[in-house]
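In full-length UniProt numbering, the protein residues as written are 1 to 366.
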């Protein structure tokens with residue numbers, strides 16, 4: 001049975017539509033990330049699931065039961081807010097027990113649930129502390145603990161790492177990965193950070209312009225983006241998107257010409273492309289390698305060299321002005337102002353038709 005099912009969810013604030021016919025199914029114990037830019041509707045969708053917003057249309061079902069007409073506390077859902085929402089005058093123990101006391105859970109059961117959540121999250125030494133005495137990472141764990149004690153069927157995490165510094169974010173990401181193995185529930189995380197989504201989620205739901213753009217496993221979304229928006233949004237640095245002119249196919253695969261005249265032989269089946277353009281090519285940096293100036297598919301003037309240790313990103317410009325990103329070895333000798341050759345791996349190229357839909361290499365793993 002599906003843990004969560006969203007059916008044609010619609011929502012508007014006044015005259016402004018926020019969600020338009022959003023549908024999704026989640027499996028039990030699945031970890032799903034809602035990924036998208038600010039204002040795309042992902043947090044509103046989370047609040048609708050939690051019962052903090054009312055949809056204008058559609059249904060929310062949890063384990064087969066319709067819950068969109070129920071109060072938040074009756075849904076079997078627990079939400080962890082972006083700003084923790086802890087009571088500053090209460091200890092950790094009191095914060096975690098507060099909701100259970102309001103629900104009139106027996107005192108002995110409250111104590112047992114709080115102790116178990118504290119053990120799972122390794123916060124036993126903090127039980128007598130107050131939020132003002134703790135770090136951001138510790139407060140985040142307490143907020144998660146307050147959700148765990150409710151024994152929910154579904155956890156909702158709203159930007160759980162956004163208020164943490166880089167070091168704490170990495171540690172808390174690891175803790176979230178471990179948490180999913182310790183709780184018997186599905187998890188949804190809202191984030192605008194693709195690294196969080198790619199690292200933690202079983203599936204990513206990419207949202208934009210009020211709708212779901214693509215649902216898939218992290219590498220499926222990365223390798224086979226449904227459209228230009230997904231291609232640009234998922235991946236850092238972003239995929240290079242450039243207009244191209246199709247030329248006669250060879251061996252059944254599309255061949256295209258860049259604006260500077262360079263020919264790229266893709267592995268995209270020509271038969272699957274629309275009959276007419278315009279067309280655009282999509283190139284990940286790792287599919288564009290630095291070569292000798294006279295040995296590549298094309299050449300570029302180097303604008304910026306970004307050294308990342310094990311690899312180097314080269315930001316360049318083709319003769320027609322197209323900005324492109326290539327990848328070189330960690331100890332690259334390329335300098336700003338150099339002219340370098342670029343060897344484009346056509347087997348890793350993506351093509352996008354006039355409707356923006358993605359067309360990918362035959363046999364490319366999803």
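Idealized CB from N, CA, C, for every residue including glycine.
Small disclaimer: the values here were computed from a predicted structure and weren't measured.
Open item on the list: Using 8 Å as the threshold, is the C-beta distance between residue 207 and residue 81 below it?
Closed with: Cβ atoms of residue 207 and residue 81: not closer than 8 Å.
Open item on the list: Does residue 360 pass the burial test, meaning 16 or more other C-beta atoms within 10 Å, or should it be called exposed?
Closed with: Residue 360 should be labelled buried.
TODO: Please confirm if the segment 27 to 41 is in contact with the segment 196 to 211, defined as three or more CB-CB distances below 8 Å between the two stretches.
DONE: Verdict: yes, contact present.
Open item on the list: Suppose you measure from the CA of residue 365 to the CA of residue 258; what does that come to, to the nearest Å?
Closed with: At residue 365, the pLDDT of 44 sits below 50, so the modelled position is not reliable and the matter cannot be decided from this model.
Task: Member of 155, 53, 99 and 101 whose CA lies at the smallest distance from the CA of residue 184 - done: Looking at the Cα atoms, 155 is the closest of the given residues.
Task: Cross-strand partners of residue 350 (DSSP beta bridge) - done: Note: residue 350 sits in a beta bridge opposite 282.
Open item on the list: So, for residue 218: in the same chain, excluding its five sequence neighbours on each side, which residues have a beta-carbon less than 6 Å away from its beta-carbon?
Closed with: Once the five neighbours on either side are set aside, the close Cβ partners of residue 218 are 198 and 204.
Task: Distance between residue 92 and residue 129 (C-alpha atoms, nearest Å) - done: Each residue's Cα considered, the two are about 6 Å apart.
Task: Closest residue to residue 337 among 116, 347 and 305 (Cα-Cα distance) - done: Of 116, 347 and 305, the residue nearest in Cα terms is 305.
TODO: Take the Cβ of residue 54 as the centre, count every other Cβ of all protein chains shown within 10 Å, and call the residue buried at 16 or more, exposed below.
DONE: So residue 54 counts as exposed.
Task: Residue interval of the beta strand (DSSP E) (run including residue 242) - done: 240 to 250 is the span of the beta strand (DSSP E), which, as asked, contains residue 242.
TODO: Check residue 315 in the structure and name its three-state DSSP category.
DONE: In the structure shown, residue 315 sits in a strand (DSSP, three-state: E or B).
TODO: List the whole-angstrom C-beta distance separating residue 340 from residue 324, where the pair is believed to meet the contact cut-off of C-beta under 8 Å.
DONE: About 11 Å separates the CB atoms of residue 340 and residue 324; that is not less than 8 Å, and the two are not in contact.
- [ ] Please determine, among 42, 236 and 271, the residue with the shortest C-alpha to C-alpha distance to residue 213.
- [x] Considering only alpha carbons, the answer is 42.
Task: Buried/exposed call for residue 16, threshold 16 Cβ in 10 Å - done: The residue is exposed, with fewer than 16 neighbouring Cβ atoms inside 10 Å.
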